[in-house]
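Line by line, the protein sequences give chains D and W. Just so we're aligned: 198 in our numbering is position 198 of the first sequence, and the numbers increase by one with no gaps anywhere. Just so we're aligned: 29 in our numbering is position 29 of the second sequence, and the numbers increase by one with no gaps anywhere.
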Amino acid sequence: MTPKQVLIAYQTIIIKELVRCFRIWPQTLVPPAITMALYFLIFGKLVGSQISAVQGFTYMQYIVPGLIMMSVITNSYMNSSSSFFSMKFQRNIEEILISPTPNFIILLGFVTGAVARGLIVGLIVLFIALLFTHIVIHHIFLMFCTAFITAFFFSTAGLVNAIFARNFDDVSWIPSFVLTPLTYLGGVFFSINMLSGVWQKIAMINPILYIVDLFRYSMLGIQDANILIAFILLLLMTIVLFIFALYLIQKSSRLRN
Amino acid sequence: MLALQVESLKKIYSNGVEALKGINLSVNQGDFIGLLGPNGAGKSTIISIINSLTRKTSGSVFINGYNLETQSSLAKSQIGVVPQEFNFGIFEKVKQIVMNQAGYYGISRTESKKRAEKYLKLLELWHKRDQPARDLSGGMKRRLMIARALMHEPRILILDEPTAGVDVEIRRSMWELLRELNHAGKTIILTTHYLEEAEDLCNRIAIIHHGNIIQDTTKKQLLSLLNVETFIFDLNEPLQKTLPTCNDFLIKIIDPVTLEVECQKGKNLNAIFDFLNAHNIIVNSMRNRVNRLEELFLRLTQ
């Protein structure tokens, strides 16, 4: 394939993914908006009004970055895992696998589609947050980069999950039993400084804590951990996971006998 | 240059099943070849390896001269595939499905729109272009898969049981279309369980059995191997007694008013009537048992 043809194949996969996302918008865009609006109302407005300022911000302002990140993580993950797995299940992934589209482009196309959904939902949540509170963004470029790399990482992770999955339970298992607990315990609703010694050490093992912390720093300018290390680790983990996913698309017996 | 060249192709699945035992197959440009074989013979494995959905254990595959392993992009763009099972997104619109397929082959949006119109009209699906694929009937879904396979205008079309579960009328119209495509220069590789279909359409037949090709020749030559003919006789009244054995013909009683008579090709048929007359058996009508290929197939694979 010529570079132009490769680009067309890449665009085709992205368009297909976006068409799917917007076709089922009541499942993809509305639920996170409603859930996050409820979080802002209950935790931010009602419970938050009883909590004193955290590192100089109201509790409502403090939880905004975490909730945006939570939406980006879950939506980018769910998009690639459910889309790729349903294509595998219906066997229409074969349409792409038999074509000359390079494996790298197949992977990149699905991941880009999922990143787009993650960022769109993140943006929706940001607008909802602005209905409840006032926010001045500390570092917009870092904020975008963090959201993008995080969405990229979790989109790739979702795709890896979909490649390994044999049934729909395998697709929902990781988000329910791994991703959700890690996200809730990843400093979305609290600063690790609020935790006692042992719990603080346990919380530090959670990788999502660093992602949320990095994003919170980019939005509010406050941090619990070392931002530079968090950023470099996130970038490295994303590259390693992408290479692993590419290896799976080329070699996995779950896609080709 | 050969359209398809398969050399010493072997496939052993992870469970130890040896699906292909070193198959050699050459398909010429413009051939209409039928791959026949009982269930589990290895037909779908060959197709799947050519499609790159299954990895070979050893051997090589060349498509229009391109090595599938080392020149996979060029090799893949030469073939269009119509799989056995529906494998499109059932919620996607018909036009979207075929246009996406063109996109995966690097065909621009403008060009793919033109081709979508051309092939959906050819397959009589244009009026359904904005409907989700799940709303199509079984026959329409089959036609959609053919339209999709044609979108990048491949030189070789591979059809894996394309008329399975399709009614007679649609099957005949699909045959007509396949004939036209073949006359237009496309090489067609067909696997089918309908031996009548292979006999009607193909100019070459390869029979696969237990992972080996046991016959690969022109249909004419293959059918010439069949040196017996079978006739069905409908009798005027039910047989009253069992028939004595006849040395020249093999006579089977299908039911009291139907006989099946097998005789060597070129043998004088009058002897049959003499024999039946001698036993006071009156024949109302006689017909040749259809599907010679089926007969040959059963002989070769049993």
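A virtual CB, placed ideally from N, CA and C, is assigned to each residue, including glycine. Everything numeric in this text was worked out from a predicted model, so none of it was measured.
| Cβ of residue 9/D within 9 Å of any chain W Cβ | Counting from 1 along the first sequence, the entry for residue 9/D is found at position 9. With 9 Å as the cut-off, residue 9/D counts as an interface residue toward chain W.
| query | So with Cβ pairs under 9 Å, would you call residue 28/D a contact of chain W? | reply | Locating residue 28/D in the first sequence gives position 28, where the first residue counts as 1. Any Cβ of chain W closer than 9 Å to the Cβ of residue 28/D would place that residue at the interface, and such an atom is absent.
| query | Beta-carbon of residue 163/D versus every beta-carbon of chain W: anything under 9 Å? | reply | Translated into positions along the first sequence, residue 163/D becomes position 163. No, residue 163/D does not count as interfacial toward chain W.
| task | Within the same chain, show all residues whose beta-carbon is closer than 7 Å to that of residue 71/D, passing over the 5 residues directly before and after it, in chain order. | result | In the first sequence, residue 71/D corresponds to position 71, counting from 1. These residues qualify, in order along the chain: 32, 36, 121, 122 and 125.
| said: Would residue 212/D and residue 178/D qualify as a contact pair, given that the criterion is a beta-carbon distance under 9 Å? | reply: Counted from its first residue, the first sequence places residue 212/D at position 212. Counted from its first residue, the first sequence places residue 178/D at position 178. Their beta carbons are not under 9 Å apart, which means residue 212/D does not touch residue 178/D by this criterion.
| query | Beta carbon of residue 262/W, beta carbon of residue 229/W: below 9 Å? | reply | Within the second sequence, the letter at position 262 stands for residue 262/W. Within the second sequence, the letter at position 229 stands for residue 229/W. Their beta carbons are under 9 Å apart, which means residue 262/W touches residue 229/W by this criterion.
| Does residue 60/W have its Cβ less than 9 Å from a Cβ in chain D? | As a position in the second sequence, residue 60/W is number 60, starting the count at 1. So no, residue 60/W is outside the interface.
| Residues near residue 160/D in its chain [Cβ-Cβ closer than 8 Å; skip 5 each side] | Counting from 1 along the first sequence, the entry for residue 160/D is found at position 160. Contacts found: 241, 244, 245 and 248.
| task | Could you list the residues in the region 146-160 of chain W with a C-beta less than 9 Å from some C-beta on chain D, going in chain order? | result | Result list: 148 and 152.
| Any idea if residue 242/W is buried or exposed, counting beta-carbon neighbours within 10 angstroms, 16 or more meaning buried? | Residue mapping note: residue 242/W aligns to position 242 of the second sequence, counting from 1. Residue 242/W should be labelled exposed.
| Out of curiosity, what's the CA-to-CA distance linking residue 218/D and residue 147/D? | As a first step, residue 218/D must be located in the first sequence, where it is residue number 218. As a first step, residue 147/D must be located in the first sequence, where it is residue number 147. One C-alpha to the other measures close to 10 Å.
| query | So residue 186/W and residue 203/W are in contact, right, with Cβ under 8 Å, and what is the actual spacing, rounded? | reply | Your numbering for residue 186/W matches position 186 in the second sequence. Your numbering for residue 203/W matches position 203 in the second sequence. Their Cβ separation, rounded to whole angstroms, is 13 Å, which puts residue 186/W and residue 203/W out of contact at 8 Å.
| task | Please look up how many angstroms separate the CB atoms of residue 343/W and residue 174/W, rounded, as I've assumed it's under 8 Å. | result | Any property of residue 343/W remains undetermined from this structure, which presents chain W solely from 1 to 302.
| task | Quick one: which residues of the region 95-109 of chain D get their C-beta closer than 8 Å to a C-beta of chain W? List them in chain order. | result | 95, 96, 97, 98, 99, 100, 101 and 102
| query | How many Å lie between residue 221/D and residue 131/D at the Cα? | reply | In the first sequence, residue 221/D corresponds to position 221, counting from 1. In the first sequence, residue 131/D corresponds to position 131, counting from 1. Computed Cα separation, rounded: 21 Å.
| field | Boundaries of the beta strand (DSSP E) in which residue 253/D is found, first to last residue | value | Walking along the first sequence from the start, residue 253/D turns up at place 253. Here residue 253/D belongs to no beta strand (DSSP E), and DSSP marks it neither H nor E.
| Cβ-based burial, residue 224/D [other Cβ within 10 Å; buried from 16] | As a position in the first sequence, residue 224/D is number 224, starting the count at 1. Buried.
| query | Buried or exposed: where does residue 141/D fall if 16 or more other Cβ atoms within 10 Å of its Cβ makes it buried? | reply | Here residue 141/D refers to the residue found at position 141 when the first sequence is read from its first residue. The residue in question, residue 141/D, is exposed, as its Cβ has fewer than 16 Cβ neighbours within 10 Å.
| query | Under the rule that 16 or more other beta-carbon atoms within 10 Å means buried, what is residue 268/W, buried or exposed? | reply | Residue mapping note: residue 268/W aligns to position 268 of the second sequence, counting from 1. Its Cβ having fewer than 16 others within 10 Å, residue 268/W is exposed.
| message | If I follow the unbroken beta strand (DSSP E) through residue 213/W, where does it start and stop? | response | Taking the first residue of the second sequence as 1, we reach residue 213/W at position 213. Element bounds for residue 213/W: 212-218.
| query | Could you give the residue range of the alpha helix (DSSP H) that holds residue 76/W? | reply | For the purposes of this step, residue 76/W is taken as the residue at position 76 of the second sequence. That run of the alpha helix (DSSP H) goes 72-76.
| said: Short of 6 Å in beta carbon distance, which residues of its chain neighbour residue 116/W, apart from the five on each side in sequence? Order them along the chain. | reply: Within the second sequence, residue 116/W is the residue found at index 116, counting from 1. Answer for residue 116/W: 95, 98 and 99, listed in chain order.
| the region 38-56 of chain W in contact with the region 233-240 of chain W per 3-pair CB rule at 8 Å | Because the criterion of three Cβ pairs below 8 Å is not met, the region 38-56 of chain W and the region 233-240 of chain W do not touch.
| query | When the cut-off is 9 Å and only beta carbons count, does residue 104/W lie next to chain D? | reply | The residue given as residue 104/W occupies position 104 in the second sequence. At a cut-off of 9 Å between beta-carbon atoms, residue 104/W makes contact with chain D.
| request: Could you tell me whether the Cβ atoms of residue 104/W and residue 99/D are closer together than 9 Å? | output: For the purposes of this step, residue 104/W is identified with residue 104 of the second sequence, where counting begins at 1. For the purposes of this step, residue 99/D is identified with residue 99 of the first sequence, where counting begins at 1. For residue 104/W and residue 99/D, yes; Cβs fall inside 9 Å.
| request: Would you mind stating whether residue 72/W and residue 8/W have Cβ atoms separated by less than 9 Å? | output: Working through the second sequence from its first residue, we reach residue 72/W at position 72. Working through the second sequence from its first residue, we reach residue 8/W at position 8. The Cβ atoms of residue 72/W and residue 8/W lie no closer than 9 Å to each other.
| task | Mind checking which residues open and close the alpha helix (DSSP H) that includes residue 252/W? | result | Here residue 252/W is taken as the residue at index 252 of the second sequence, counted from 1. In this chain, residue 252/W is not harboured by any alpha helix (DSSP H); it is covered by the beta strand (DSSP E) spanning 250-255.
| query | From what residue to what residue does the alpha helix (DSSP H) around residue 246/W run? | reply | Here residue 246/W is taken as the residue at index 246 of the second sequence, counted from 1. It is not in any alpha helix (DSSP H) - residue 246/W carries neither H nor E in the DSSP assignment.
| message | Just verifying my parser: in three-state terms, what is the DSSP assignment at residue 1/W? | response | Residue numbering aside, residue 1/W sits at position 1 when the second sequence is read from its first letter. Correct three-state label for residue 1/W: coil.
| field | residue 357/W to residue 207/D span [Cα, whole Å] | value | Residue 357/W lies beyond the range of chain W shown here (1 to 302); nothing can be said about it.
| message | Along the region 219-238 of chain D, where does the CB come closer than 8 Å to a CB of chain W? Name the residues. | response | Answer in chain order: no residues at all.
| message | Between residue 13/D and chain W, is the shortest Cβ-Cβ distance under 9 Å, so that the two count as touching? | response | Taking the first residue of the first sequence as position 1, residue 13/D is located at position 13. Yes - at least one Cβ of chain W is within 9 Å of the one on residue 13/D.
| query | Would the beta-carbon of residue 123/W fall within 9 Å of that of residue 146/W? | reply | Sequence index remark: in the second sequence, residue 123/W carries index 123 (1-based). Sequence index remark: in the second sequence, residue 146/W carries index 146 (1-based). The Cβ-Cβ distance between residue 123/W and residue 146/W falls below 9 Å.
| query | Leaving out five residues before and five after residue 319/W in sequence, what residues of the same chain have Cβ atoms less than 6 Å from its Cβ? | reply | A question about residue 319/W goes unanswered here, because the residues of chain W that appear run from 1 up to 302.
| field | chain W residues whose Cβ lies nearer than 8 Å to that of residue 6/D | value | Walking along the first sequence from the start, residue 6/D turns up at place 6. Neighbours of residue 6/D on chain W, chain order: 106.
| field | Nearest-angstrom Cα separation, counted from residue 17/D out to residue 185/D | value | On the first sequence, residue 185/D is found 185 positions in, with the first residue counted as 1. On the first sequence, residue 17/D is found 17 positions in, with the first residue counted as 1. Using only the alpha carbons, I get a separation of about 31 Å.
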